[in-house]
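Student:
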């Protein structure tokens, strides 16, 4: 076969690997036309498409950055409001505790005053009853003492002023003996 290729090459008079000059010219002309069309039409459209896509991506990145900044600002504001609300709740709780302490203190004061008033009223009532009992006792003891003295002496002690002095002296002597 080698002889066959060499024979065909000798017959043609040139190398089969090198194309003919008219093929090179037509191929070069087609290449230049395709290059020109690509350079003037396809490449600018491709460049515009890539520029638009790049701008859209950059715009989306900018929007995403802005949204992230807004979200961070909203989070900071929310955190600040939450801290303020917690602080306010603590102040309200503390004020309620103070009000509760004041109410308890006032109730204690009122109860103490009422207890003191009731105690004073009870003491006054007891003293009044004691005085009443003492007067009643004096009169009964005086009557009994006069009756006994009349029985012992054998005469009637009808003088009220004298009888009263005798009874008062007797009771005074009983009280001094009681104190000793």
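Numbering (this note's numbering), first residue to last: 275 to 454. The C-beta atom is built at its ideal place from N, Cα and C for all residues, glycine as well.
Quick check: residue 444 and residue 419, are their CB atoms within less than 7 Å of each other?
Tutor: By one-based count along the chain shown, residue 444 stands at place 170. By one-based count along the chain shown, residue 419 stands at place 145. Cβ distance < 7 Å, so residue 444 and residue 419 count as in contact.
Student: If you draw a straight line from the C-alpha of residue 349 to the C-alpha of residue 365, how long is it?
Tutor: By 1-based counting over the chain shown, the position of residue 349 is 75. By 1-based counting over the chain shown, the position of residue 365 is 91. Their Cα atoms are separated by approximately 24 Å.
Student: Given this structure, state the Cα-to-Cα distance separating residue 394 from residue 425, to the nearest angstrom.
Tutor: If you number the chain shown from 1, residue 394 lands on position 120. If you number the chain shown from 1, residue 425 lands on position 151. For residue 394 and residue 425, the distance between alpha carbons rounds to 45 Å.
Student: May I have the straight-line CA-CA distance separating residue 371 from residue 397, to the nearest angstrom?
Tutor: For the purposes of this step, residue 371 is taken as the residue at position 97 of the chain shown. For the purposes of this step, residue 397 is taken as the residue at position 123 of the chain shown. Whole-angstrom Cα-Cα distance: 38 Å.
Student: Could you tell me which whole alpha helix (DSSP H) segments of length 4 or greater appear in the stretch 323 to 364?
Tutor: The stretch 323 to 364 is shown to contain no whole alpha helix (DSSP H) run of 4 or more residues.
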